[in-house]
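Numbering (the working numbering), first residue to last: 401 to 691. Cβ coordinates follow ideal geometry from the N, Cα and C atoms, glycine included. Bear in mind that the values here come from a model prediction, so they are computed numbers and not experimental data. Read through the structure below, which is laid out as C-alpha cells, and then see the notes.
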Ligand SMILES: Cc1cc2nc3c(=O)[nH]c(=O)nc-3n(C[C@H](O)[C@H](O)[C@H](O)COP(=O)(O)OP(=O)(O)OC[C@H]3O[C@@H](n4cnc5c(N)ncnc54)[C@H](O)[C@@H]3O)c2cc1C
C-alpha cells in the first residue's frame with residue numbers, strides 16, 4: 401500500500417513545531433525517525449494531513465549531564481545513546497536498551513522520543529528509563545510541563561500527551577556511587593524482533609551497611625504499558641543483597657505482571673521469564689553498585 405499524501409512541514413525550532421501542532425491539531429503528527437510512523441501510515445493505521453518533521457531542530461538532539469541530572473533531547477537517536485560515553489558512565493542500562501533495539505539501520509533513524517511516544521508495551525527504552533526515575537518534558541504553545549514517565553503511559557499506543565504537545569526532553573538523576581542498574585530483553589530472534597519480555601532493575605546501597613535502600617524494577621511486554629514491579633521492590637528494600645534475595649524478588653515480580661499469550665510466548669512462559677530477567681538484571685545492578 402502507498403503512503404497517503406500529506407503536507408510536509410520542516411520547523412527549525414521547538415516553538416515553530418509547537419505552533420504547527422497547535423494550528424493543525426488532530427490532523428498533524430510529529431515525525432522523528434519515522435520507523436514507527438511511516439510503517440503505520442503505510443498500513444493505513446494513521447493518515448495525518450500534516451507531518452511535522454523534527455529533523456532540523458538541533459536542540460532536540462542533545463545528550464548532556466548538568467550537575468547530577470542527565471538531559472536527553474527527544475531527537476537523540478538510539479544509535480547516539482548506544483554509543484554515548486555519558487550514557488555509559490551515568491546510565492548504562494539505558495545504553496544496553498539502546499544497543500538491543502532493532503538493527504543498525506533502525507537505530508540510526510529511531511529516536512528516544514519516538515520510542516517513548518509510540519507507547520509500545522514491549523519497547524526497549526522505557527524499562528531502564530522507568531528504573532532511573534525519568535521525567536519527560538512536554539512542550540506546547542502554552543508552555544512546558546514535566547511529567548513522571550510512570551504516569552505518561554496510558555495503554556498500548558496511548559499516552560497523556562495532548563495532540564498539540566511535543567515531547568522535547570527526557571531527564572533523570574545519574575546513578576551515583578553505590579548505585580547500579582541492568583537491562584535485559586528476550587525475543588524469539590536475537591535482533592529485529594518484538595520482545596517477548598524485557599526488564600530493568602535499579603538498586604542503591606546504603607553506604608553504612610550495604611543494605612538496599614532504593615530498589616526500582618520495571619518490566620515490558622507483560623501488561624498494556626511498561627510497569628513497575630512493586631511487590632519485587634518491597635522484597636529488596638532494607639535487605640542485604642544476595643543470590644537468594646534476588647531469586648525471591650524474581651519470584652515476587654511474577655505477581656506484578658499480567659502477561660497475555662500470543663504467538664511469541666505463553667503467559668506462563670512470560671511469567672517464568674520475568675523471574676529470570678529480574679534476577680539477572682539485579683545481578684548486573686549489584687556489580688555496578690559494588691565495583
Ligand atoms: C524493523 C523494525 C524493527 C524495530 N525494532 C524495535 C525494537 O527492537 N525495539 C523497539 O523498542 N522498537 C523497535 N521498533 C519500533 C521503532 O523503531 C521504535 O519505537 C523507535 O524508537 C521509534 O522512534 P522514531 O524516532 O522512528 O519514531 P517515529 O516513527 O518518528 O514516531 C513514532 C510515534 O511517536 C510520535 N513522536 C515521535 N517523536 C515525538 C515527539 N518528540 N513528541 C511527540 N510525539 C512524537 C510520532 O508522531 C509517532 O506517532 C522497530 C521498528 C521497525 C520498523
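{"Item": "Could you pull out every residue in the same chain whose Cβ sits closer than 6 Å to the Cβ of residue 488, ignoring the five residues on either side in sequence?", "Value": "495"}
{"Item": "Return yes when the C-beta of residue 584 is under 6 Å from any heavy atom of ligand 1, and no when it is not.", "Value": "no"}
{"Item": "Quick check on residue 674: does DSSP put it in helix, strand or coil?", "Value": "helix"}
{"Item": "Can you tell me whether DSSP reads residue 518 as helix, strand or coil?", "Value": "coil"}
{"Item": "In chain order, what residues of the same chain have a beta carbon less than 6 Å from the beta carbon of residue 422, not counting five sequence neighbours either side?", "Value": "541 and 564"}
{"Item": "Cα separation between residue 575 and residue 533?", "Value": "10 Å"}
{"Item": "What does the Cβ neighbour count give for residue 481, buried or exposed, with the cut at 16 atoms within 10 Å?", "Value": "buried"}
{"Item": "Please confirm whether residue 578 and residue 607 have their CB atoms less than 7 Å apart.", "Value": "yes"}
{"Item": "Can you list, in chain order, the residues of its chain whose CB lies under 7 Å from that of residue 454, leaving out five sequence neighbours each side?", "Value": "417, 430, 431, 432, 460 and 475"}
{"Item": "Cα-Cα, which of 613, 426, 572 and 618 is closest to residue 636?", "Value": "613"}
{"Item": "Between the Cα of residue 715 and those of 629, 685 and 519, spot the shortest distance and give me the residue it belongs to.", "Value": "With the chain covering only 401 through 691, there is no way to say anything about residue 715."}
{"Item": "Take residue 435 and list the residues in its own chain whose beta-carbon comes closer than 8 Å to its own, dropping the five residues that flank it on each side.", "Value": "502, 506, 509, 510 and 514"}
{"Item": "What's the gap between the Cα of residue 402 and the Cα of residue 679?", "Value": "46 Å"}
{"Item": "Can you tell me the Cα-Cα spacing of residue 562 and residue 677, whole angstroms?", "Value": "34 Å"}
{"Item": "Between 572, 605, 525 and 470, which lies nearest to residue 478 when the distance is taken from Cα to Cα?", "Value": "525"}
{"Item": "What's the gap between the Cα of residue 437 and the Cα of residue 645?", "Value": "42 Å"}
{"Item": "Are the beta-carbon atoms of residue 452 and residue 407 separated by less than 7 Å?", "Value": "no"}
{"Item": "Taking contact to mean 3 or more Cβ pairs, one atom from each stretch, closer than 8 Å, check whether the stretch 614–623 and the stretch 657–664 are in contact.", "Value": "yes"}
{"Item": "Do residue 632 and residue 652 have their CB atoms nearer than 7 Å?", "Value": "yes"}
{"Item": "Could you tell me which of 558, 531 and 630 sits nearest to residue 584, measuring between CA atoms?", "Value": "531"}
{"Item": "Any beta-carbon of chain B closer than 7 Å to the one on residue 498?", "Value": "Any reference to chain B falls outside this structure, which holds one protein chain only."}
{"Item": "Whole angstroms is fine: what's the gap from residue 472's alpha carbon to residue 610's?", "Value": "31 Å"}
{"Item": "Are the Cβ atoms of residue 529 and residue 560 separated by less than 7 Å?", "Value": "no"}
{"Item": "Residue ranges of each beta strand (DSSP E) run of no fewer than 3 residues wholly in the stretch 546–581, ordered along the chain?", "Value": "553–555 and 566–573"}
{"Item": "Comparing C-alpha positions only, which one of 655, 596, 681 and 630 sits nearest to residue 669?", "Value": "596"}
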